[in-house]
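For reference, the structure is listed below as structure tokens.
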Amino acid sequence: MNVRQEVLAHGHREGNRMRRVSVVGVGCTRFGKLSGRSVKELALEACREALADAGVAPHQVEAFYLSNFAGGTLARQEMLAPIVAGALGLGSIPATRVEGACASGGIALRLGFLMIASGVCDVALVAGVEKMTEASTEEVTAALSAAADRQAEGSTGLTFPGFFAAVAHRYMHEHGATPDHLAAVALKNRANAQRNPRAHFYGKPASLDEIRQSRLVADPLRLYDCSPISDGACAVVLVASERVQEFTGRPVDILGSGQATGSTTLQEMDDLCSLEAVVQAARQAYEQAGVGPEEVDVAEVHDCFSIAELIALEDLGLMPRGEAGPRTAAGETRVGGRVAVNPSGGLLSKGHPIGATGLAQVFEIVRQLRGEADNPVPNARIGLTHNVGGTGGVATVHIFGAR
């Protein structure tokens with residue numbers, strides 16, 4: 001048994017010595033088409049809100065991570081981390097840009113968590129941003145396509161909607177799911193977004209008939225089954241838990257953090273109805289946190305497409321295999337149900353500015369566990385975030401606990 005296998009079998013050996021880490025501040029812009037606002041301006045807004053929420057001054061930050069997927073292509077701006085750090089007045093601290101496609105935010109959070117847990121620093125600012133809506137359709141398509149293995153799949157013309165459509169067909173074949181189960185995900189998340197004033201589709205409700213009759217994108221996925229192109233930014237302030245009393249923000253503890261790598265092409269996948277990276281990342285996070293999926297009260301999962309939410313619920317152990325569709329349709333994932341899933345509206349309706357997505361999930365979970373959420377889950381004590389990049393090539397899972 002190698003070290004990794006031993007860690008997975010018996011829990012995180014290093015985790016027994018690692019310091020506890022808490023979130024003490026969060027900030028988030030509105031998501032949507034934010035015309036006239038630069039990628040830098042969006043990042044600064046989220047960071048300043050998070051620092052103010054935490055009661056942390058710029059000179060107290062010791063490390064800065066900024067997740068951004070395609071700033072060079074979509075916003076004509078690379079070197080974002082040092083640029084934003086300089087504008088914030090963070091000084092000469094390490095400022096690092098993080099890219100892992102749609103999982104960029106979750107990876108950045110984990111890096112900040114590990115910096116503090118390992119004792120390298122006590123205070124870290126982690127932010128994510130994407131500016132997408134002012135780029136051309138061709139530019140956005142090219143940027144998104146770069147998250148796939150270009151050499152292996154680029155020549156086939158397979159798109160991300162096409163990939164998840166294939167997944168949906170296989171899932172329906174194996175488990176008897178129906179398009180109405182996909183529509184139930186889209187309907188729930190659009191309804192949740194009506195209570196989230198920062199959501200892309202806030203103020204734009206949709207009926208079940210509208211969802212069922214929306215145009216086909218890649219059979220069986222329709223328009224409402226697909227997340228939108230969005231602008232936005234989010235940020236969180238992390239501190240060593242023993243120092244939370246020095247800051248004004250209400251702390252929420254990070255109980256567990258997991259990250260894993262999986263197949264990057266369709267032909268490599270052993271099972272189209274499961275993402276191995278998610279299963280492994282969840283296992284790590286649960287073991288480190290000392291909790292099980294049955295203890296999760298609220299989850300923000302990576303619903304880039306409606307089918308992705310159903311598969312996530314099963315990979316995370318929140319639903320039995322093959323049952324996520326009917327259980328979602330029965331209301332088990334609504335606020336007030338057995339486990340509230342995507343009360344923010346999720347990627348489908350809150351929006352999906354790629355670099356900001358993983359941290360927007362943290363923003364929602366922290367506010368839920370503080371009792372400050374716009375769409376509150378009653379008595380929430382344990383929260384989970386699940387962030388996936390590419391076609392499942394990378395995944396992060398984090399577990400949070402209220403105090």
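150 is the number that the UniProt record's numbering gives to position 150 of the sequence shown; each next residue is one higher, with no gaps. The C-beta atom is built at its ideal place from N, Cα and C for all residues, glycine as well.
Can you list, in chain order, the stretches of the beta strand (DSSP E) that have 3 or more residues and sit fully within the segment 67-154?
-> 95-98 and 123-130
Distance, G176 Cα to A75 Cα = Counting from 1 along the sequence shown, the entry for residue 75 is found at position 75. Counting from 1 along the sequence shown, the entry for residue 176 is found at position 176. Rounded to the nearest angstrom, the two C-alpha atoms are 43 Å apart.
Taking the CB atoms as reference points, tell me whether residue 447 and D225 lie closer together than 9 Å.
-> In the structure displayed, the chain extends from 1 to 403; residue 447 sits before or after that span and is not available.
May I ask you to verify whether the segment 48-55 touches the segment 238-249, counting CB pairs closer than 8 Å and requiring at least 3?
-> yes
CA-CA distance, R170 and T178?
-> The residue given as residue 170 occupies position 170 in the sequence shown. The residue given as residue 178 occupies position 178 in the sequence shown. C-alpha of R170 to C-alpha of T178: approximately 11 Å in a straight line.
Using only alpha-carbon positions, find the residue among T96, L255 and R283 that is nearest to A402.
-> To locate residue 402, count along the sequence shown from 1; it is residue 402. A402 has its Cα closest to that of L255, out of T96, L255 and R283.
Using the rule of at least 16 other Cβ atoms within 10 Å of the residue's Cβ for burial, across every protein chain shown, is E174 buried or exposed?
-> By one-based count along the sequence shown, residue 174 stands at place 174. Exposed, since its Cβ has fewer than 16 Cβ neighbours within 10 Å.
Closest Cα partner of A193 within the set E134, G119 and A373 | Here residue 193 refers to the residue found at position 193 when the sequence shown is read from its first residue. Nearest option by C-alpha distance: A373.
When DSSP builds the beta bridges, which residues end up paired with E300?
-> Position 300 of the sequence shown holds residue 300. Beta-bridge pairing links E300 to T385.
May I have the straight-line CA-CA distance separating D231 from L34, to the nearest angstrom?
-> On the sequence shown, position 231 is the one that residue 231 refers to. On the sequence shown, position 34 is the one that residue 34 refers to. So the two alpha carbons sit approximately 6 Å from each other.
Same chain, Cβ closer than 6 Å to residue 422, neighbours up to 5 away in sequence not counted = Look at the range of the chain in this structure, 1 to 403, and you will see that residue 422 is not part of it.
Could you tell me whether any Cβ in chain D is nearer than 9 Å to the Cβ of P179?
-> Here chain D cannot be found, since the structure has a single protein chain.
Residue 406 to S207, Cα distance in whole Å?
-> Because residue 406 is not part of the residues shown, which for the chain are 1 to 403, the question remains open.
According to DSSP, what are the bridge partners of V394?
-> In the sequence shown, residue 394 corresponds to position 394, counting from 1. For V394, which the question treats as bridged, DSSP gives the partners T261 and G389.
According to DSSP, is S35 helix, strand or coil?
-> One-based indexing of the sequence shown puts residue 35 at position 35. In the structure shown, S35 sits in coil (DSSP, three-state: anything other than H, G, I, E or B).
Secondary structure at residue 406, three-state DSSP: helix, strand or coil?
-> Given that the chain is displayed from residue 1 to residue 403, the structure contains no residue 406 and the question cannot be resolved.
Three-state secondary structure (DSSP) at V56?
-> In the sequence shown, counting from the first residue as 1, residue 56 sits at position 56. Residue state, collapsed to three classes: coil.
Test item: CB-CB of V237 and V129 under 9 Å = Locating residue 237 in the sequence shown gives position 237, counting from the first residue. Locating residue 129 in the sequence shown gives position 129, counting from the first residue. Their beta carbons are not under 9 Å apart, which means V237 does not touch V129 by this criterion.
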